[in-house]
Amino acid sequence: MNVVVCMKQVPESVTISGVPQGTASVRPQGKMVINPFDMYALEEGIRLKERYGGRVTAISMGPAEAEEALKEAIALGIGEAVLVCDPILEHSDTLATSYVLARCIERLERPDIVICGRQATDGDTGQVAPQLAEQLGLPFLSYVSRIEDISDGRLTAQRLVDEGHQVVQVSLPAVISVVKEINEPRLPSLRGLMQAKKAEIPRWTAPDLGLDVSKVGLDGSPTRVVNVFVPQRSQQGQMLEGSPESQVDQLLEKLRDAKVI
Amino acid sequence: MEYFLDEQQVTVRDLARRIAEERILPLRAELDEKEEFPWEIIKELADADMFRVFIPEEYEGLGGRCLDLCLVIEELSRACGGIAISYAANALGCLPLIHHGSEEQKKKYLPQVASGSRLTAFALTESTAGSDAGNIKTSATRRDGGYVLNGTKQFITNGGEAEIYTVIAMTDPSKGSRGASALVVEKDTPGFSFGKKEQKVGIRASSTRELVFRNCTVPEENLIGREGSGFIITVRTIDRSRPGVAAQAVGIAQGALEAAVDYARKRVQFGHPISAQQAVQHMLANMATDLEAARALVYAVARNIDSGAKDFAEAAAMAKVFASDMAMRVTLDAVQIFGGAGYMKDYPVEKMMRDAKITQIYEGTNQVLRNAIALDVLKRRAMRE
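If you read the protein sequences in the order shown, they are chains S and G.
In terms of the working numbering, the first sequence opens at residue 1 and continues consecutively.
In terms of the working numbering, the second sequence opens at residue 1001 and continues consecutively.
Dropping the structure here:
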């Protein structure tokens, strides 16, 4: 079994000091961590390696600092990692990102399964995984909450849907995105951490991957961030007045009108 | 304070802290209440390689340094003293093997301990022998190329849960303490069973149980060291493990201090947080000062041991006495700062107070250790005359 896990680094939500306003896609200040949803993807990748053998590789597109996140993945038990890092990739939108990740995956040993987190907590689009499947020409399963079985080149999985669960089968290779219900991510081990400290993460640039530069970066991105703003909170509180008895009557009337009682 | 830990020690400490905060904190109250052995956490610790910390590299460990072990015990104790001792008792259980075992014994048992797949325990105490370790009654009689054990061990940490026991028994009762020997007894050996499981005031997540030997036969190769060396193995083992108990005390006190500081800043009386009261401030100052002094002593002793020093018994005893008395004071003061809330189980400090008490008692009561320290102090002076 050959597994590739896609991951990215995001600002830790509890440490973000404020959302930058304006049009530029400035990264908010804060401690950078592995996208929480990608932790489930990494865990599932490691579990597949433990269950079926083979190899699991983590890939990320990002700035040089993203190497820290890949090292953390190695500390968890991911065997290998690759960082796609090139200044011309900056400001890539989801389509451009999925194009880059697809070319990166094509350079690796052909994977049986590509695993992504359901979405990243910074952009929150959830688009990269399906776009990646499209770019690779592979089938896609979103919101996977349990891998039931892998045999005869087919993957049977449970998907989380609004009404409950769906059990689906897909032929491999395939791309899947996972939800937090799928597992409980492990903590790193001491030997993993020591190995990660020594690990050298290969860095691939746009020329290394033979990327078409018109498809990456700001110019290669069909979507634009027009504005970034904090939504206004609307409060529709109402003060009731009068004697306590009349306030109770008013309240009951309003609750009846709202059909809650 | 900066203690100039090396890279491995920082890694070990940080991961132990993460496990304590993410995995132990949410479970500690429940495990304490139910007196339940922390198997889930033990598995986490094993997966994180924490059992490798106290095992030498040749046997799939990470070096077996005393300071590294103390850092783990301290961090775990900051969250739960009971879980910390369930872990630390494994180091105690295999110290006789590490320092006195044969190559075959080390190769056989230590990798199993390092991976966390089998827990260990050290069995010395009996109903008639605590500090007076020479008075043990459990016998190990040589017969047909093996030893037949009879007797009952009491208050054994990890009893029932561990699979590898290092047991001190009399191979020649006529020689008194010189007739004691150390033997490995594995769980499921015929004639070896478990008796009463103790109900305790503190460290309730840990298991404390009787070991019962009724014509339990172990092969000759389970003897650690030579016949008659059981008493000296015991003394050296406990000298080495005392900094671990001291680290447990430091960790419990650290948890109590942090809780007290947080509470003092939040609790408002007479219109101000009680942290604005000088009476409370001085309590916090004393707690923090005592705690740092104890930590400095424990780390210094652990480093002394790691440097290969032979003569560390007195310093190890001092660290255990000082740190455990400190932990008792600090946890009592933490309860006091919490006021009525501190006496309630909904808050964490009453548990810390209960957990701290045992550190003054086990691995040599602080009274018997003071006897030993005083003896060394007086001997040094007498030798100069």
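Glycine included, C-beta positions come from ideal geometry on N, C-alpha and C.
Sheet register partners of residue i (DSSP bridge)
i	result
His1272 (chain G)	G:Gln1269
Gln91 (chain S)	Checking the sequence shown, residue 91 (chain S) turns out to be His, not Gln. DSSP, once it has assigned bridges, lists no residue as partnering His91 (chain S).
Gly1153 (chain G)	In the sequence as presented, Gly is not what sits at residue 1153 (chain G); that position holds Lys. For Lys1153 (chain G), which the question treats as bridged, DSSP gives the partners G:Leu1211.
Glu1186 (chain G)	G:Ile1164
Leu83 (chain S)	S:Ser60, S:Arg203
Val33 (chain S)	S:Val10
Ser1181 (chain G)	G:Ala1169
Ser1139 (chain G)	G:Asn1150, G:Met1170
Ala1029 (chain G)	According to DSSP, which records beta bridges pairwise, Ala1029 (chain G) is partnered with nothing at all.
Ala1129 (chain G)	G:Glu1126
Helix, strand or coil at residue i according to DSSP, with G and I counted as helix
i	result
Asn1366 (chain G)	helix
Phe229 (chain S)	coil
Cys104 (chain S)	helix
Arg55 (chain S)	strand
Lys1357 (chain G)	helix
Glu65 (chain S)	coil
Ile1042 (chain G)	helix
Thr223 (chain S)	coil
Ala196 (chain S)	helix
Ile78 (chain S)	coil
Lys945 (chain G)	Shown here, chain G extends from 1001 to 1385; a query on residue 945 (chain G) therefore has no answer.
Phe1312 (chain G)	coil
Gly1342 (chain G)	helix
Leu172 (chain S)	coil
Met1170 (chain G)	strand
Phe1122 (chain G)	strand
Thr1011 (chain G)	helix
Pro11 (chain S)	strand
Ala1048 (chain G)	coil
Gly1145 (chain G)	coil
Ile115 (chain S)	strand
Val4 (chain S)	strand
Ala1020 (chain G)	helix
Ala258 (chain S)	coil
Arg1236 (chain G)	helix
Asp208 (chain S)	coil
Val1053 (chain G)	coil
Gln236 (chain S)	coil
Gly966 (chain G)	Any property of residue 966 (chain G) remains undetermined from this structure, which presents chain G solely from 1001 to 1385.
Expected contact under 8 Å - CB spacing of residue i and residue j to nearest Å
i	j	result
Ala1302 (chain G)	Leu1097 (chain G)	With 8 Å as the limit, Ala1302 (chain G) and Leu1097 (chain G) do not qualify as a contact, their Cβ atoms being about 20 Å apart.
Gly1159 (chain G)	Thr1208 (chain G)	6 Å
Ser171 (chain S)	Arg154 (chain S)	6 Å
Ala61 (chain S)	Thr97 (chain S)	Correcting the residue type first, residue 61 (chain S) is Met in the shown sequence and not Ala. With a Cβ gap of about 6 Å, Met61 (chain S) and Thr97 (chain S) count as contacting.
Leu42 (chain S)	Leu83 (chain S)	That belief does not hold up - the Cβ atoms of Leu42 (chain S) and Leu83 (chain S) are roughly 15 Å apart, past 8 Å.
Thr156 (chain S)	Val167 (chain S)	7 Å
Leu1045 (chain G)	Gly1116 (chain G)	7 Å
Pro173 (chain S)	Arg110 (chain S)	7 Å
Arg107 (chain S)	Gly79 (chain S)	At roughly 17 Å, the Cβ-Cβ gap does not stay under 8 Å, so Arg107 (chain S) and Gly79 (chain S) are not in contact.
Glu1075 (chain G)	Arg1017 (chain G)	5 Å
Gly1195 (chain G)	Thr1152 (chain G)	7 Å
Leu1419 (chain G)	Arg1013 (chain G)	No information on residue 1419 (chain G) is available, as it lies outside the stretch 1001 to 1385 that chain G covers here.
Ile1164 (chain G)	Ile1085 (chain G)	Actually they are not in contact, since the Cβ atoms of Ile1164 (chain G) and Ile1085 (chain G) sit about 17 Å apart, beyond 8 Å.
Val1330 (chain G)	Ala1264 (chain G)	With a Cβ gap of about 14 Å, Val1330 (chain G) and Ala1264 (chain G) do not count as contacting.
Ala120 (chain S)	Val10 (chain S)	6 Å
Ala1140 (chain G)	Thr1171 (chain G)	5 Å
Phe1037 (chain G)	Ala1288 (chain G)	Not a contact, Cβ separation roughly 33 Å.
Ala286 (chain S)	Ile74 (chain S)	Residue 286 (chain S) lies beyond the range of chain S shown here (1 to 261); nothing can be said about it.
Tyr1299 (chain G)	Tyr1087 (chain G)	At roughly 19 Å, the Cβ-Cβ gap does not stay under 8 Å, so Tyr1299 (chain G) and Tyr1087 (chain G) are not in contact.
Exercise. How about the stretch 1206-1219 of chain G and the stretch 1312-1329 of chain G: do they share at least three Cβ pairs that are nearer than 8 Å?
Worked result: no
For this session: List in chain order: all unbroken beta strand (DSSP E) runs of 3+ residues lying wholly within the stretch 1205-1233 of chain G.
Result: 1208-1219
Exercise. Between the stretch 1363-1372 of chain G and the stretch 1289-1297 of chain G, do three or more beta carbon pairs fall short of 8 Å?
Worked result: no
Exercise. Do the stretch 1221-1229 of chain G and the stretch 1343-1351 of chain G make contact, defined as three or more Cβ pairs closer than 8 Å?
Worked result: no
For this session: For the stretch 1045-1065 of chain G, enumerate the residues whose C-beta is nearer than 8 Å to any C-beta of chain C, in chain order.
Result: The structure shown contains no chain C; its protein chains are S and G.
Exercise. Does the count of Cβ pairs from the stretch 1247-1260 of chain G and the stretch 1303-1311 of chain G closer than 8 Å reach three?
Worked result: no
Exercise. Does the stretch 1128-1147 of chain G come close enough to the stretch 1180-1192 of chain G to have 3 or more Cβ pairs within less than 8 Å?
Worked result: yes
Exercise. Counting Cβ pairs closer than 8 Å, one from the stretch 1118-1128 of chain G and one from the stretch 1266-1283 of chain G, do we hit at least three?
Worked result: no
Exercise. Which runs of the alpha helix (DSSP H) fall wholly inside the stretch 121-195 of chain S and span at least 4 residues, in chain order?
Worked result: 128-136
For this session: Examine the Cβ distances between the stretch 1239-1255 of chain G and the stretch 1356-1364 of chain G and report whether three or more of them are shorter than 8 Å.
Result: yes
For this session: Decide yes or no for the touch test of the stretch 186-193 of chain S against the stretch 1047-1055 of chain G: beta carbon pairs closer than 8 Å, at least 3 of them.
Result: yes
Exercise. Unbroken alpha helix (DSSP H) runs of length 4 or more, entirely within the stretch 1062-1104 of chain G: which are they?
Worked result: 1066-1079, 1081-1100
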